Amino acid sequence: MSGPDRIVIEGIGAVGGFGCGISVLSRALTEASSSPGTFDLSTGSGTVRIPAFLADVSRLGEFIPVRTLRRIDRFSRLALLGSHLALADAELPEAERSRLGIIIASGYGATGITYAFLKSFISDGDICASPTYFANSVHNSAAAHISIQLGATGPSLTVTHFHLSVPSALATARLWLAEGRVQRVLFGAVDELSELIGYVRFRMRHAPPDTPMTPLWTEMETSIPAEGAAFLLLARESAARGGYCTLEASTTGSMPNSGVPFPEAGLLVLGADGCPESGGRYAAAAQNVRVACYTPLYGSMPSGPAFDVAAGALILKGGRLFPSPGAAFRDFPATVPAGGDPVGTDRIACLTLAEDNAYGLTTLGKLPDTACVRAREGRTSS
Amino acid sequence: MTTVEKLKAILVKDLNLEELTPGDIDENAPLFGEGLGLDSLDAVELVVVVQKHFGIDIQNMDEAKAAFQSVRSLASYIEGRLSGG
Amino acid sequence: MSVEPIPITGMGCICAAGRNLSDSMRALLRGERHPAPPVRFASDHPIPHPVFEAVDFEEPPDFLRTSAFALHAAREAIADAGLDRESLGALRVGVCVGTTVGAVMSDETFCRGCLAGEVPDMAPIRRILRSNPADVIAREFGLSGPRQTVVTACSSGTDAVGIAGSWIRAGLCDAAIAGGADELGRITYIGFISLMITDDSPCKPFDRHRKGLNLGEGAAMVVLASERVLRRSGMRARSLVLGYGSAGDAYHLTAPRPDGAGLRSAISEALAASGVSPASVAFVNAHGTGTPDNDRVESRVLQDMLPGVPFLSTKGYTGHTLGAAGAIEAVFTAACLEMGKIPANAGFETPDPEIGITPVREVTMVEGTVALSESLAFGGNNSVVVLGKA
Numbered sequence: 019m020s021g022p023d024r025i026v027i028e029g030i031g032a033v034g035g036f037g038c039g040i041s042v043l044s045r046a047l048t049e050a051s052s053s054p055g056t057f058d059l060s061t062g063s064g065t066v067r068i069p070a071f072l073a074d075v076s077r078l079g080e081f082i083p084v085r086t087l088r089r090i091d092r093f094s095r096l097a098l099l100g101s102h103l104a105l106a107d108a109e110l111p112e113a114e115r116s117r118l119g120i121i122i123a124s125g126y127g128a129t130g131i132t133y134a135f136l137k138s139f140i141s142d143g144d145i146c147a148s149p150t151y152f153a154n155s156v157h158n159s160a161a162a163h164i165s166i167q168l169g170a171t172g173p174s175l176t177v178t179h180f181h182l183s184v185p186s187a188l189a190t191a192r193l194w195l196a197e198g199r200v201q202r203v204l205f206g207a208v209d210e211l212s213e214l215i216g217y218v219r220f221r222m223r224h225a226p227p228d229t230p231m232t233p234l235w236t237e238m239e240t241s242i243p244a245e246g247a248a249f250l251l252l253a254r255e256s257a258a259r260g261g262y263c264t265l266e267a268s269t270t271g272s273m274p275n276s277g278v279p280f281p282e283a284g285l286l287v288l289g290a291d292g293c294p295e296s297g298g299r300y301a302a303a304a305q306n307v308r309v310a311c312y313t314p315l316y317g318s319m320p321s322g323p324a325f326d327v328a329a330g331a332l333i334l335k336g337g338r339l340f341p342s343p344g345a346a347f348r349d350f351p352a353t354v355p356a357g358g359d360p361v362g363t364d365r366i367a368c369l370t371l372a373e374d375n376a377y378g379l380t381t382l383g384k385l386p387d388t389a390c391v392r393a394r395e396g397r398t399s400s
Numbered sequence: 002m003t004t005v006e007k008l009k010a011i012l013v014k015d016l017n018l019e020e021l022t023p024g025d026i027d028e029n030a031p032l033f034g035e036g037l038g039l040d041s042l043d044a045v046e047l048v049v050v051v052q053k054h055f056g057i058d059i060q061n062m063d064e065a066k067a068a069f070q071s072v073r074s075l076a077s078y079i080e081g082r083l084s085g086g
Numbered sequence: 003m004s005v006e007p008i009p010i011t012g013m014g015c016i017c018a019a020g021r022n023l024s025d026s027m028r029a030l031l032r033g034e035r036h037p038a039p040p041v042r043f044a045s046d047h048p049i050p051h052p053v054f055e056a057v058d059f060e061e062p063p064d065f066l067r068t069s070a071f072a073l074h075a076a077r078e079a080i081a082d083a084g085l086d087r088e089s090l091g092a093l094r095v096g097v098c099v100g101t102t103v104g105a106v107m108s109d110e111t112f113c114r115g116c117l118a119g120e121v122p123d124m125a126p127i128r129r130i131l132r133s134n135p136a137d138v139i140a141r142e143f144g145l146s147g148p149r150q151t152v153v154t155a156c157s158s159g160t161d162a163v164g165i166a167g168s169w170i171r172a173g174l175c176d177a178a179i180a181g182g183a184d185e186l187g188r189i190t191y192i193g194f195i196s197l198m199i200t201d202d203s204p205c206k207p208f209d210r211h212r213k214g215l216n217l218g219e220g221a222a223m224v225v226l227a228s229e230r231v232l233r234r235s236g237m238r239a240r241s242l243v244l245g246y247g248s249a250g251d252a253y254h255l256t257a258p259r260p261d262g263a264g265l266r267s268a269i270s271e272a273l274a275a276s277g278v279s280p281a282s283v284a285f286v287n288a289h290g291t292g293t294p295d296n297d298r299v300e301s302r303v304l305q306d307m308l309p310g311v312p313f314l315s316t317k318g319y320t321g322h323t324l325g326a327a328g329a330i331e332a333v334f335t336a337a338c339l340e341m342g343k344i345p346a347n348a349g350f351e352t353p354d355p356e357i358g359i360t361p362v363r364e365v366t367m368v369e370g371t372v373a374l375s376e377s378l379a380f381g382g383n384n385s386v387v388v389l390g391k392a
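Each protein sequence line maps, in turn, to chains A, B and C.
Residue numbers for the first sequence follow the numbering used here, beginning at 19 and rising by one.
Residue numbers for the second sequence follow the numbering used here, beginning at 2 and rising by one.
Residue numbers for the third sequence follow the numbering used here, beginning at 3 and rising by one.
Structure below.
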């Protein structure tokens, strides 16, 4: 897969239950700890408090004036924060922003504002439906808000395909760069834990109280619902000014009977997120390969695989593995390397098992010691 | 409370003018463009706001444009409609 | 730099104009259209707005109507390509589907139950989770290749066709089912009326007295295949995807950029990718929703970039089918190239001096082998696909 047109992850922006920013994510990964907060749900039988990884979007004020945000819903605020964090991390000059392609992946889309739109006409009649809520409920509204704020007039894509969203959208990002349509793609994964999704999760996938996420356990549900945004600034290597790692490939498809084909990956990051049914499938896929799982740090959401990619990028850049959180591999005889071990590979693959026997696999590579790396290091030390 | 005062409070709340208080709004300033800085999406939201709070149905944007010059012009429009005008 | 053309080996379509592509084309060429207030759902909005429903189509209870449309059109396209489950199983086939409603996690009955403090039945949510349109097609036909559900609002169908073409060029799959699907329901109906961009009479794209769009529903799918697979499998090329381009306005959530800069970039990129000069374009299947803003911006760009090229909107026959529109219009465009004629722009009567150009007013013979299909979307997405005669 290596060639002149490699794709580089130049910057990462992340916000979630662990906190805000790449250094905070890096610390949570190093310490293998992150505690969920709580989310109050109103249900038919009163208010229920459930554990949840919630994101704090207050840092958005550092990047965008309050007045500009007045009509922008929480889903798009998460996306705007993630996108600005990634651009700041890469120190992308303002002049480069207008040429960005923008790709957003979300498992469920802007569910909070969609629910608010329904409420507007359910409570006051069809004639009182809110056009502002409706306009923001359109799936590509986050991509639109980002392009408007950045003045980015490149191509734009939004993918909403449950757990397949991230690997599927990353595949298209790679194509845009490989085809030379754009020099850079601002890629972002976003999901919001709205009232609606919180309730749906409560009804359909319900972990007992005080249960840590135990993603490969097939005995019971242990997922903790989450929200957040993970953004990657992707660039063609020739345009890149350094970065974390390369994005070697991203594939989706139906799981072959022979299992997932790992392209010589020395480490497999599992997107298992506490659902017993998929936990069993992940366990089957993870035989005979070194594995890691970081979902207990950011929780369960369909766009979570982007956080796995962020973790993989940090490992390849730092050269050291992060420990998988304690409960991740309970009762599971996998080859789980300890935290702090040398990476021992220049390939990390992130596996997502999605609905309908589909899978996604995103492969990252160690960034070779080339001019762009030196340029980056020279820049950060100056 | 006069219609003008009521409208100012409704605008701040329903159009999410978070950084303003009703007292900050000049009732004679243009709602759109350089005045309050509202746009076409706010205009259609305002149609719904008027429907919801005053029970007045504005049928098309031509009618709305005339009424939506300023807070004062909108208040006059609403008072006219409510008195059967 | 131009890219390799991708053969279209099969096409399928369902919309208010017909249950398949040939019936739909017949209705278009006869000038038939039947917009009417919705019959499948009710609204307490005081003014009924005409829509284009696919009234003779019943979806199975376990799927969203959107996904049932997608599957219906995919079946026609796959049969048209001369493929079946078995021959598809021997290939790596991807699925790329554009939609809006097919990716929405809300159901009005369920939400009403939540708001009323009840414990609503989860069946509608389970149906949504089973109904991702790309997954439904992959499941039905046992397809193993890449999958993507594209939700770029009203350009989704065009984007899905363009992206699937890229997959094949890059060797990610041998063939792909690509298109768009959307159902009409209360949420979109009420939403578009709230934006005051719907016409309470049959829509009149590019007409001086146009008042807005009418909504529609349906789906269209194409089968795309690589040249290599085409030769091996005995499929024939019915049409060609020559190129695709897309660009953002970076302007407003719902209003198009007045200077049409995003659309201009998308047209330029699509023509360059196709290696086609503006002079060789036989016709343009415009987005032409019938809203004052869209038609003004779009016609200004056409006048500048493709002067004298015949253009029309087919939304006067189908309504605006949102995520399906780009796909439905792409198959109409390909079918028109095959037949060498285009239908009249339904609903157009009075030229608009502000627009300055007029769409075709009657069935018109076209010469040439290349045509454009355009989509403009909320969020400022502009997408263009260039189709060629096989």
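In this text, a Cβ means the ideal position worked out from N, Cα and C, and glycines have one as well.
Every value quoted in this text rests on a predicted model; they were computed, and no experiment measured them.
Identification of chain A residues near LYS66/B by a Cβ-Cβ cut-off of 9 Å yields none; the smallest Cβ-Cβ distance measures about 16 Å. Looking at the backbone, the Cα of ASP27/B and that of ARG85/A are separated by about 17 Å. Per the Cβ contact rule, the region 165 to 182 of chain A is not in contact with the region 51 to 63 of chain A (fewer than 3 Cβ pairs under 8 Å). Where ASP359/A is concerned, there is no enclosing beta strand (DSSP E), because DSSP gives it neither an H nor an E. Runs of the alpha helix (DSSP H) lying entirely within the region 15 to 85 of chain B and spanning at least 4 residues, in chain order: 41 to 55, 62 to 68, 72 to 83.
The region 301 to 317 of chain A makes contact with the region 43 to 55 of chain A; the number of CB pairs closer than 8 Å reaches 3 or more.
Burial check for VAL224/C: the Cβ neighbour count within 10 Å reaches 16 or more, so the residue is buried.
Flagged as an interface residue toward chain C: HIS157/A, by a C-beta distance shorter than 8 Å. Just so you know, the alpha carbons of SER76/A and ALA32/A end up roughly 14 Å apart.
Interface with chain A (8 Å Cβ-Cβ cutoff): GLN52/B is included.
Using beta-carbon distances, MET62/B counts as an interface residue toward chain C, with a partner under 8 Å.
Within its own chain, the residues whose Cβ lies closer than 7 Å to the Cβ of ASP82/C, once the five positions on either side in sequence are excluded, are GLY12, MET13, GLY14, listed in chain order.
Contact of MET198/C with chain B is assigned, a C-beta pair being separated by under 8 Å.
When the five nearest sequence neighbours on each side are left out, the beta carbons in the same chain lying within less than 7 Å of the beta carbon of GLU110/C are those of ARG188, ILE189, in order along the chain.
Listed in chain order, the beta strand (DSSP E) runs fully inside the region 162 to 220 of chain C are 177 to 184, counting runs of at least 3 residues.
Taking a C-beta distance under 8 Å as the contact criterion, PHE208/C and THR371/C do not qualify as a contact pair. Chain A places a beta carbon closer than 8 Å to that of GLU19/B, counting this residue as a contact. Burial state of ILE49/C is exposed, judged by a 10 Å Cβ sphere holding fewer than 16 other Cβ atoms.
ILE145/A has a beta carbon lying within less than 8 Å of a beta carbon in chain B.
For VAL184/A, the enclosing alpha helix (DSSP H) has its first and last residue at 183 to 196. Excluding sequence positions up to five before and after PHE285/C, its CB lies within less than 6 Å of the CB of PRO312, ILE344, VAL368, ALA373, all in the same chain and listed in chain order. Remark: C-beta atoms of ASP359/A and ALA196/A do not approach each other more closely than 8 Å. Those residues of the region 210 to 241 of chain A placed with their C-beta closer than 8 Å to a C-beta in chain B do not exist.
The residues ASN375, TYR377, in chain order, have a CB closer than 6 Å to that of MET273/A in the same chain once the five nearest residues on each side in sequence are set aside. Looking at the backbone, the Cα of TYR319/C and that of GLU364/C are separated by about 14 Å.
By the 16-neighbour rule on beta-carbons within 10 angstroms, ARG234/C is exposed. By the Cβ rule, the region 248 to 264 of chain A counts as touching the region 200 to 217 of chain A, because three or more pairs are nearer than 8 Å. Taking 8 Å as the Cβ-Cβ cut-off, the region 237 to 262 of chain C approaches chain B at HIS254, LEU255, THR256, ALA257, given in chain order. Using a C-beta cut-off of 8 Å, the region 244 to 252 of chain C makes contact with the region 150 to 168 of chain A, since at least three inter-stretch Cβ pairs fall below that distance.
Contacts with chain C (Cβ-Cβ distance below 8 Å) from the region 27 to 49 of chain B involve ASP40, SER41, LEU42, VAL45, VAL48, VAL49, listed in chain order. Judged by their CB atoms, ASP184/C and THR101/C are nearer to each other than the 8 Å cut-off. Using a CB distance below 8 Å, no part of the region 301 to 330 of chain A faces chain C. Taking a beta-carbon distance threshold of 8 Å, PHE280/A does not count as an interface residue toward chain C. According to the DSSP assignment, THR313/A belongs to the alpha helix (DSSP H) that extends over 313 to 316. Taking 8 Å as the threshold, the shortest C-beta distance from THR86/A to chain B does not fall below it. Legend: CB atoms of the region 119 to 143 of chain C lying less than 9 Å from CB atoms of chain A belong to residues GLY119, GLU120, VAL121, PRO122, MET124, ILE127, ARG128, LEU131, ARG132, ASN134, ALA136, ASP137, VAL138, ALA140, ARG141.
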